[in-house]
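Chemist: Encoded as structure tokens, here's the structure I'll be asking about.
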Amino acid sequence: MGTEILVLTYLTTPLIFVINMALLFKGKFPNSKALVLLLLNVVFMGYFIVTGLFSEHFIQAYFVGGFFLIPFQIIALLVAKLLSSKISKLNELNNINRAK
Numbered sequence: 001m002g003t004e005i006l007v008l009t010y011l012t013t014p015l016i017f018v019i020n021m022a023l024l025f026k027g028k029f030p031n032s033k034a035l036v037l038l039l040l041n042v043v044f045m046g047y048f049i050v051t052g053l054f055s056e057h058f059i060q061a062y063f064v065g066g067f068f069l070i071p072f073q074i075i076a077l078l079v080a081k082l083l084s085s086k087i088s089k090l091n092e093l094n095n096i097n098r099a100k
């Protein structure tokens, strides 16, 4: 079981962040969904990394964070979908105000 968690963490965690960065530049910059998703992922993984540094168990905290990052992606995608519409509306209002 430990090997699967290790492989899953090392392969998926960087891959998720690379995909998020690529989505950020897709279409009109910045893509609001990708921006929200990237910020949520950074906060989520940052928590595990910082707690791992303070408790001197960095590698274990990184593995746990990476293992939980995959189910967290489902929740984060839903939140990004909800928040991106609000960000898009704010951008539209900002563009209307600038045009005046």
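Take 1 as the starting number for the sequence shown in my numbering and just add one per residue.
All residues carry an ideal CB built from backbone N, CA and C; glycine is no exception.
These figures come from a predicted structure and were not determined experimentally.
(1) Hey, Ala76 and Leu37: beta-carbon distance below 8 Å or not?
(2) Does the Cβ of Gly46 have 16 or more other Cβ atoms within 10 Å, making it buried, or fewer, making it exposed?
(3) Counting only runs that start and end within the stretch 38-93, where is the alpha helix (DSSP H) found for 4 or more residues in a row?
(4) Once you ignore the five residues that flank Ser55 on each side, which residues in its own chain have a CB closer than 6 Å to its CB?
(5) Less than 8 Å separating the beta-carbons of Phe72 and Phe48?
(6) Measure the alpha-carbon distance for Leu39 versus Val79 and round it to whole angstroms.
(7) Answer with buried or exposed for Ile70, where buried requires no fewer than 16 other C-beta atoms within 10 angstroms of its C-beta.
(8) Buried or exposed, going by whether 16 or more other CB atoms sit within 10 Å of the CB of Ile19?
Modeler: According to the structure shown:
(1) The sequence position of residue 76 within the sequence shown is 76, counting from 1. The sequence position of residue 37 within the sequence shown is 37, counting from 1. Going by C-beta atoms, Ala76 is nearer than 8 Å to Leu37.
(2) Residue mapping note: residue 46 aligns to position 46 of the sequence shown, counting from 1. Gly46 comes out exposed.
(3) none
(4) Residue mapping note: residue 55 aligns to position 55 of the sequence shown, counting from 1. Result list for Ser55: empty, nothing under 6 Å.
(5) If you number the sequence shown from 1, residue 72 lands on position 72. If you number the sequence shown from 1, residue 48 lands on position 48. Result no, Cβ atoms of Phe72 and Phe48 do not sit closer than 8 Å.
(6) Counting from 1 along the sequence shown, the entry for residue 39 is found at position 39. Counting from 1 along the sequence shown, the entry for residue 79 is found at position 79. Their Cα atoms are separated by approximately 11 Å.
(7) Here residue 70 corresponds to residue number 70 of the sequence shown, with the count starting at 1. Exposed.
(8) By 1-based counting over the sequence shown, the position of residue 19 is 19. It counts as exposed.
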